[in-house]
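For the record, in the sequence shown the residue sitting at position 117 is 117 according to my numbering, with numbers rising by one throughout.
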Amino acid sequence: MTDWNPALYSRFEDERTRPARDLLARCRIGDGEGEGLRIADLGCGPGNSTALLAERFPQAEVTGFDTSETMLQAARARLPGARFERADISTWDPAEPFDLVFSNAALQWVLGHEQLIPALFRHVRPGGLLAAQVPDNLADPSQVAMQDIAREDPFARTLDRMNEAREPIAAREAYYDWLAAAGASEVDVWTTIYNHPMTSPEAITEWFSSTGLKPFVDPLDEDGRALFRSRYTQEMDRRYPARADGRRLLAFPRLFFVARRA
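Right, here's the structure in full:
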């Protein structure tokens, strides 16, 4: 894929950051200031979730990790007092454990959660937390439409067997079991469906242009990208009918878990 676009991603920052706030509210660790804590923000993007962590724990050492240098540059400009490093979550292997390993809307891009979740948990100090929020929307109309359009002409020739490099999120019980078996003394797992009022079908396309649509449009030429987005907007108009006020209600399911290491 081409590199991520921080400006495009941040156009819906309030909506994207709301789940991170909800997750952080469940992270009970350290004192109020976070003195002495080491915190990792996996898949930090442009630093919106890192900013929450730095605000909640102003005396902690907070480090954001991301694969996108463009996103890291935006995060460094936003939070010059925090540390940011380039790293791949799938191979992340820090030299020292962290008191809080936090991830907001990033683990969905990493395959094999049955192996990934225990691996990440190993990098949590005793008494520390692994906390994550994972989009669970692959079965929703917004995502199904991408697959459907990719099978149409003229896209099928380029996007044959294309997918989002994602796999369906496992059941809540599975995450509980993986973490309990890895030595968690507490596991909190829940799901929330956020309903975002969108001003138009075009707004839904804009939302996903910085995330889910990227694997589908990036392999296409400029004309193909414009055509794919146009078809997608047509489908968003059809699959998300106007509500009483004319807006489109974009439902967005997300899975959360917080686990404490014994």
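Ideal Cβ placement from N, Cα and C applies to all residues, glycine included.
Worksheet item: Is the CB-CB distance between arginine 266 and glutamine 133 below 7 angstroms?
Response: Within the shown structure, residues of the chain are numbered from 1 to 262, placing residue 266 beyond reach of any answer.
Worksheet item: Beta carbon of asparagine 104, beta carbon of serine 49: below 7 angstroms?
Response: Contact flag set, yes.
Worksheet item: So, using beta-carbon positions, are proline 126 and arginine 243 closer together than 7 angstroms?
Response: Result no, Cβ atoms of proline 126 and arginine 243 do not sit closer than 7 angstroms.
Fill in: tyrosine 194 - DSSP class collapsed to helix/strand/coil
DSSP places tyrosine 194 in strand when its eight states are reduced to three.
Worksheet item: Which residue from Val144, Ile169, Ser142 puts its Cα closest to that of isoleucine 117?
Response: Minimum Cα-Cα distance from isoleucine 117 among the listed residues Val144, Ile169, Ser142 corresponds to Ile169.
Worksheet entry | Neighbourhood of glutamate 13 by C-beta, 7 angstroms cutoff - its chain only, sequence neighbours within 5 removed | Contacts found: Asn48.
Discussion item. Our contact map puts alanine 156 next to glutamate 235 with C-beta atoms below 8 angstroms; I'd like the distance itself, whole angstroms only.
Written reply: Contact flag wrong, Cβ pair sits at about 16 angstroms.
Practice prompt. Could you pull out every residue in the same chain whose Cβ sits closer than 6 angstroms to the Cβ of tyrosine 194, ignoring the five residues on either side in sequence?
Written response: Answer for tyrosine 194: Phe252, listed in chain order.
Practice prompt. Identify whether isoleucine 39 lies in helix, strand or coil by the three-state DSSP scheme.
Written response: Under the three-state reduction of DSSP output, isoleucine 39 falls in the strand class.
Fill in: Residues near serine 90 in its chain [Cβ-Cβ closer than 6 angstroms; skip 5 each side]
Within its own chain, the residues whose Cβ lies closer than 6 angstroms to the Cβ of serine 90, once the five positions on either side in sequence are excluded, are Val110, listed in chain order.
Worksheet item: In or out: serine 265 buried (at least 16 other Cβ within 10 Å) or exposed?
Response: A question about residue 265 goes unanswered here, because the residues of the chain that appear run from 1 up to 262.
Fill in: Closest residue to aspartate 188 among Met198, Gln143, Asp223, Ala131 (Cα-Cα distance)
If you compare the alpha carbons of Met198, Gln143, Asp223, Ala131 with that of aspartate 188, the shortest gap goes to Ala131.
Worksheet item: In the structure shown, what three-state DSSP assignment does serine 90 receive?
Response: Correct three-state label for serine 90: helix.
Worksheet item: Just curious, the beta strand (DSSP E) that asparagine 104 is in, first and last residue?
Response: For asparagine 104, the enclosing beta strand (DSSP E) covers residues 98 to 104.
Worksheet item: In its own chain, which residues sit with a C-beta less than 6 angstroms from the C-beta of alanine 40, not counting the 5 before and 5 after it?
Response: When the five nearest sequence neighbours on each side are left out, the beta carbons in the same chain lying within less than 6 angstroms of the beta carbon of alanine 40 are those of Thr63, Phe98, Val101, in order along the chain.
Worksheet item: What does a CB cutoff of less than 7 angstroms around alanine 180 pick up in its chain, not counting 5 residues either side in sequence?
Response: Same-chain partners within the cutoff: Val187.
Worksheet item: Roughly how many whole angstroms lie between the Cα atoms of aspartate 88 and proline 46?
Response: If I take the Cα positions, the gap works out to 16 angstroms.
Fill in: glutamine 108, buried or exposed, once every other Cβ within 10 Å from all chains shown has been counted against 16
So glutamine 108 counts as buried.
Worksheet entry | beta strand (DSSP E) runs wholly inside the stretch 41 to 68, at least 3 long, in chain order | Here the runs fully enclosed are 61 to 66.
Worksheet entry | CB of leucine 52 within 7 angstroms of CB of alanine 20, strictly | Their beta carbons are under 7 angstroms apart, which means leucine 52 touches alanine 20 by this criterion.
Worksheet entry | Boundaries of the alpha helix (DSSP H) in which alanine 180 is found, first to last residue | For alanine 180, the enclosing alpha helix (DSSP H) starts and ends at 172 to 181.
Worksheet item: According to the Cβ coordinates, are leucine 79 and alanine 60 closer than 7 angstroms?
Response: Between leucine 79 and alanine 60, the C-beta spacing is not below 7 angstroms.
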